[in-house]
Amino acid sequence: MFKRFKLFVYKFRWWLASFLIVSLTLFYFILPDPLFDNPLSTIVTSAEGEMIAAKIASDGQWRFPANADVPEKFKECILKFEDRYFYKHPGINPIALFSALKRNIINRRIINGGSTLTMQVIRLARKGKSRTYSEKLIELTLALRLECSYSKDEILSLYASNAPFGGNVVGLEAAARRYYGRSPEQLSWAESATLAVLPNAPSLIYPGKNSELLLQKRNRLLKLLFEDEIISKEELGLAEIEALPGTPLRIPQENRHLLQNLMSNQGEGKRFVSSIVPELQSQVIQASEHYRPVWEANGVSNAAVMITEIESGKVLAYMGNLGSDYTKMGRSNDMIQSHRSSGSILKPFLFAAMMQDGNIYPKSLQADIPTEIGGYSPKNYDLNYSGAVPARNAIARSLNVPAVRMLSRYGVARFHYLLKKLGMSTLKNAPSHYGLSLILGGAETTIWDLSQMYASLALALNHSGRPDSNSLEWKVLSLVHQQEKVSTYQREHVLSPAVIYEMFEAMSQVNRPDEQAGWSEFLSKRKIAWKTGTSFGHRDAWAVGVTPRHVVSVWVGNASGEGKPLLTGVSAAGPLLFDVLSFLPAAGWFHKPVEDMVQIAICQVSGDRAGEWCSDKIIEEVPKTCLLSGSCRFHHLVHLDVHSRLRANLSCNEPESLEAQSFFTLPPLIEYYYKIRHPEYLTLPPWKPGCNEISTEMAMQFIYPPPNVNLRIPKSYDGKSNSIVAEIAHRSPNAKVFWFLNGKQLPSTRTFHQQALQSEAGEYILLAVDEFGNRISRKFSIVSQ
């Protein structure tokens, strides 16, 4: 008998142990993970907590991502209203359960559940299961399990984030934003009390309906707070007279492109604390709206603006498109990220690159003459030529011809490589795909890339001469606010600080339109490096402004790519750029990196390093890299007869009757256009009669036709082909030139060297011989229409 009893006890203990192990295992794994898997809204706030943009959750609910902290006022209100003993019970309150059971038995129906906040969290997670005693038992078990894994504050946060607040509003933060237009931390006692009573009966009571009942519940809760000495009598009186919220407020939608950018890069259903400054963002939008009627009158529907803080890499304003109506005129497109033709906006980088490689000095003269290179014939915006312009002025005036000639000299492949190293991510094709058009809009770029490129160079210049300059980490532009430094990356310093400084100096001299009232006054107080750009066909208008603290990038155009005649960077994007710059604090100017520069004598006329025969010299500081460019090419010594002031040599003069004089002399074609704009330019005197001319300079050059070109000549109304007019530039104003076409002599010319040629189809060789025996020829073809 005793053995049987021992065997029974042994088996009972085994079964009991097994039961306990199984029960504990089930208890451990019974809690769902995750507890809540509801779709969430995506929200964007400023660093100070101001709502900037939001997108409703996929199930149509305003349900914000959970916030770990519950504001103290709401915490006091919800505990007094729902669960006074929350911090004392283990998840269930036996006394409350017994009281609820007693009331339900007396009333023969379930009128009270006696649920703690922990149990309510479980019921919310189980998505509204029926209120039965079996379900209550499950809630009790899960509540105990929840208390084992979560702290009291975490459980309270779960409740505040998932409780219903009426309509399609879920969670405390969504309710605070929808009903009061601010964050939960900013709510008053009356507002916190109002929201605390809403989850108790969200389908019956919500702002705008049953206001009297809601008011009674709120005031009853406020009195409880007063009785427990949480609020004073004065606070109670002020809280009781506060009005209830009315119709739910609208969640901000003006910054949808910012929201789309964050969601596409980092996912939906998240809380983003952005780097955007709301006041600055609003100012940018308002400034854009100011110009909107002018743009729309010209058939232009879209615009984008971005402000970047250089030192931090943070984006302070992000307007991806114009207007709040996202369904029309391509306004759903984020034009900050869209690939658009760059126009002339890349010219400053070429200017800097050529100085970096020792090809030019900042003021070196660049040819601005009719040009054709490999069938590509660029034209300046005004269709005029200056003959020669300083490189810095060519950038300031945004001249196309000098830019193309500079790129041809520098090399398309080298420039393509440099742009990619600077951060231009849109160059997906080989250099040959773009050719020389790369400098005039043949490639696409984005506002984001341009801002990154200009900000990186400004950052390098700001840190020049500092101990950290060699190990400087480049900031990756960021839309997300971070208390510490933003993401960084190491990049080779492809441009020296001195070169960057000269680049910004050139940009500070960009021509400003006279019709823009107030610009000159503004710019007299603030020095700005800025550049405009207009793409082919007037499809894109660009403007970028740089200060030591900020980069502002503006694009105006049509998302469809449709061009408009009056759409230019100067007239459309420029005014908005300077309006936006006026919102930013003054930043002074970049310090000159003198440690990276050298003082040398510069020829004042040519802009090159002064040579032996330069007469007007000035001392200037230039980047050290420029020294590879050599000395002045255009000044040389000329001997004149002291009496006639004509050119002479020992073949016709005694040594004592010769005088050496320095002359600034340009090649004939450049000289032809240069002297039109520079009446002070002195041409070389003719040779004294009887002298044997010993000269190596070019006497004349063709202006038209270009070399080895196929010309298509339009026909007149009578069906006959029009003639073409050949033209040359000659160094001697009164020289006589003899013309020959395919060996046949044509009429000679003097002073004005133009020759009308018949335009029958065929191949031609045009020969020009002057009276001094100098000769040039040009081969071309005429193709029948």
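Each step along the sequence shown adds one to the number in our numbering, with nothing skipped, and position 526 is 526. Glycine included, C-beta positions come from ideal geometry on N, C-alpha and C. Treat the numbers as computed from the prediction; the structure is a model and nothing was measured.
Asked, Found
"Can we count I155 as close to the ligand PLP, meaning its CB is less than 7 Å from some heavy atom?", "With respect to small molecules bound, the structure shown includes none, and the ligand PLP cannot be examined in it."
"Going by the CB atoms, is the gap between R250 and W62 shorter than 8 Å?", "no"
"Comparing alpha-carbon positions, which option in R340, G773, H591, S723 lies nearest A735?", "G773"
"Where L35 and A68 are concerned, what is the direct C-alpha to C-alpha distance, given to the nearest angstrom?", "15 Å"
"Quick check: the Cα distance between S784 and E254, rounded to an integer number of angstroms?", "58 Å"
"Is it true that the region 555-575 meets the region 590-601, where meeting means three or more beta-carbon pairs spaced less than 8 Å apart?", "no"
"Report the option in K688, Y674, G574, Q366 whose CA atom is closest to the CA atom of N393.", "Q366"
"In the DSSP assignment, the beta strand (DSSP E) including L640 goes from what residue to what residue?", "635-641"
"I'd like the ranges of any alpha helix (DSSP H) spanning at least 4 consecutive residues and lying wholly in the region 396-479.", "400-410, 412-422, 431-434, 447-462"
"Buried or exposed: where does H643 fall if 16 or more other Cβ atoms within 10 Å of its Cβ makes it buried?", "exposed"
"Note down the Cα distance separating R292 from N298, rounded to an integer number of angstroms.", "10 Å"
"Contact defined as beta carbons within less than 8 Å: I believe V70 pairs with S157. What is the distance between those atoms, to the nearest angstrom?", "6 Å"
"How about the region 364-384 and the region 394-412: do they share at least three Cβ pairs that are nearer than 8 Å?", "yes"
"Suppose the cutoff is 8 Å on Cβ atoms and the five residues either side in sequence are ignored; what does the same chain contact list for R549 look like?", "E309, I310, E311, L584, P585, A587"
"Could you check whether L258 and L479 sit closer than 8 Å to each other, using their CB atoms as the reference points?", "yes"
"Just the C-alpha distance for S777 and G743, rounded to the nearest angstrom, thanks.", "11 Å"
"Please confirm whether F74 and L221 have their CB atoms less than 8 Å apart.", "no"
"Do E139 and S188 have their beta-carbon atoms positioned less than 8 Å apart in this structure?", "no"
"In terms of residue numbering, what span does the alpha helix (DSSP H) encompassing Y179 cover?", "172-180"
"Between Y672 and I703, how many whole angstroms is the CB-CB distance? I'm expecting something under 8 Å.", "7 Å"
"Name, in chain order, the residues that DSSP records as bridge partners for D596.", "Answer is none; D596 lacks a bridge partner."
"I122 and L142 look like a contact to me (Cβ under 8 Å); what is the Cβ gap, rounded to whole Å?", "4 Å"
"Quick one: what does DSSP say G387 is sitting in, helix, strand or coil?", "strand"
"Rounded to a whole number of angstroms, what is the C-alpha to C-alpha distance between L436 and T534?", "16 Å"
"On the DSSP letters alone, give me the boundaries of the beta strand (DSSP E) that A163 sits inside.", "Counting along the chain, A163 falls outside any beta strand (DSSP E), and DSSP gives it neither H nor E."
"Determine the extent of the alpha helix (DSSP H) in which S264 is found, giving its start and end residues.", "256-266"
"In three-state DSSP terms, what is Q758?", "coil"
"Do P705 and F752 come within 8 Å of each other at the CB atom, strictly closer than that value?", "no"
"Please name the residue, chosen from I782, L637, L682, N38, that lies closest to V709 on a Cα-to-Cα basis.", "I782"
"List the DSSP bridge partners of E659.", "L640"
"Excluding five sequence neighbours on each side, which residues of the same chain lie with their C-beta closer than 6 Å to the C-beta of A517?", "Unreliable positioning characterises A517 in this predicted model, as indicated by a pLDDT of 46, which lies under 50. The coordinate reading is nonetheless provided below. Closer than 6 Å at Cβ, skipping near neighbours: no residue."
"Can at least three beta-carbon pairs, one atom from the region 528-545 and one from the region 563-570, be found at a separation below 8 Å?", "yes"
"Based on DSSP bridge pairs, tell me the residues matched to Q366.", "V389"
"Using a threshold of 8 Å, state whether the C-beta atoms of V737 and A768 are closer than that.", "yes"
"Given this structure, state the Cα-to-Cα distance separating G320 from D334, to the nearest angstrom.", "5 Å"
"In terms of residue numbering, what span does the alpha helix (DSSP H) encompassing E191 cover?", "189-197"
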